[in-house]
Amino acid sequence: MRIRRRAALPVPDLRTPWREAEFCAIDLETTGLDLRSDEIISYGAAIVRQARIPCGEVVYRQLRPSREVSVDAMKVHGLRSADLADAPGIDELLDEIVGLLAGRVPVAHAAWVERAFLDRALRPGRRLNRIVIDTAALLRAARLAGGSGREPDLEVSARQLGLPVHTPHHALGDAFTTAELLLALATRMERNRRRPLTIADLYAVSRHHQHVEG
Numbered sequence: 001m002r003i004r005r006r007a008a009l010p011v012p013d014l015r016t017p018w019r020e021a022e023f024c025a026i027d028l029e030t031t032g033l034d035l036r037s038d039e040i041i042s043y044g045a046a047i048v049r050q051a052r053i054p055c056g057e058v059v060y061r062q063l064r065p066s067r068e069v070s071v072d073a074m075k076v077h078g079l080r081s082a083d084l085a086d087a088p089g090i091d092e093l094l095d096e097i098v099g100l101l102a103g104r105v106p107v108a109h110a111a112w113v114e115r116a117f118l119d120r121a122l123r124p125g126r127r128l129n130r131i132v133i134d135t136a137a138l139l140r141a142a143r144l145a146g147g148s149g150r151e152p153d154l155e156v157s158a159r160q161l162g163l164p165v166h167t168p169h170h171a172l173g174d175a176f177t178t179a180e181l182l183l184a185l186a187t188r189m190e191r192n193r194r195r196p197l198t199i200a201d202l203y204a205v206s207r208h209h210q211h212v213e214g
């Protein structure tokens with residue numbers, strides 16, 4: 001039996017200077033944190049284009065899960081199963097998710113979580129590209145993550161850099177804050193460089209400092 005390989009979503013040429021590239025900062029809220037069985041119940045996305053965040057190009061959607069929202073998750077994001085009863089299912093919004101991510105560099109905070117949920121949602125035919133920028137990893141590279149060994153808190157990190165925090169624990173608010181964090185950290189990284197900071201440079205730093213589960 002021939003196994004069909006899932007096609008990775010396209011990303012820009014990695015040699016592209018980051019200020020000329022398009023990114024999609026994305027954040028998810030879920031029924032819980034079991035990466036194998038919990039489900040996405042909302043997503044927010046903010047586009048970054050030419051080192052700017054066009055406010056008219058943000059997206060927020062709620063989704064109807066096939067399982068109940070856990071109490072612990074509900075305490076964080078405030079979404080109840082009853083709130084989602086009339087929302088579309090994930091299959092109805094996959095084309096929009098693909099459209100947001102394809103041709104752009106995905107960005108997330110503690111990206112291993114978003115990657116796991118999105119890769120499962122995109123099955124059987126598609127998957128995220130390996131090129132994903134993790135703002136938590138960029139914070140570690142800049143030595144701004146603290147020494148706890150845990151993922152740096154998005155809200156605390158934004159305030160540490162003098163950035164506004166947009167509606168914590170709401171998918172769109174967190175996506176917008178993540179996009180601003182990307183801009184601040186990439187600008188910081190490109191200082192004192194003799195050549196432009198590229199997508200490849202950002203990815204190399206992100207990958208080197210990424211959180212490893214287990």
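Start counting the sequence shown at 1; every next residue gets the next number (full-length UniProt numbering).
A virtual CB, placed ideally from N, CA and C, is assigned to each residue, including glycine.
Would residue i be called buried (16 or more neighbouring beta carbons within 10 Å of its own) or exposed?
| i | result |
| --- | --- |
| residue 167 | exposed |
| residue 92 | exposed |
| residue 61 | buried |
| residue 27 | buried |
| residue 7 | exposed |
| residue 204 | exposed |
| residue 173 | buried |
| residue 134 | buried |
| residue 71 | exposed |
| residue 132 | buried |
Could you tell me the distance, in whole angstroms, from the CA atom of residue i to the CA atom of residue j?
| i | j | result |
| --- | --- | --- |
| residue 137 | residue 24 | 17 Å |
| residue 105 | residue 209 | 18 Å |
| residue 198 | residue 34 | 34 Å |
| residue 121 | residue 128 | 10 Å |
| residue 192 | residue 58 | 32 Å |
| residue 201 | residue 5 | 28 Å |
| residue 17 | residue 186 | 11 Å |
| residue 12 | residue 141 | 23 Å |
In terms of alpha-carbon separation, which member of the options lies closest to residue i?
| i | options | result |
| --- | --- | --- |
| residue 65 | 115, 39, 77 and 48 | 39 |
| residue 75 | 30, 116, 97 and 118 | 30 |
| residue 95 | 118, 111, 82 and 186 | 118 |
| residue 245 | 141, 110, 47 and 54 | For the chain, the structure presents residues 1 to 214; residue 245 sits outside this window and is missing. |
| residue 53 | 72, 80, 22 and 82 | 22 |
| residue 88 | 132, 115, 108 and 43 | 43 |
By DSSP's criteria, residue i is part of a beta bridge. Which residues make up the other side?
| i | result |
| --- | --- |
| residue 131 | Answer is none; residue 131 lacks a bridge partner. |
| residue 157 | Per DSSP, none; premise fails for residue 157. |
| residue 40 | 30 |
| residue 47 | 24 |
Between residue i and the ligand GDP, is there a pair consisting of the residue's CB and a ligand heavy atom that are separated by less than 8 Å?
| i | result |
| --- | --- |
| residue 173 | The model on display carries no ligand, and the ligand GDP is accordingly not part of it. |
*Stretch-stretch touch, CB-based, cutoff 8 Å, three pairs: the stretch 54 to 69 with the stretch 30 to 45*: Verdict: yes, contact present.
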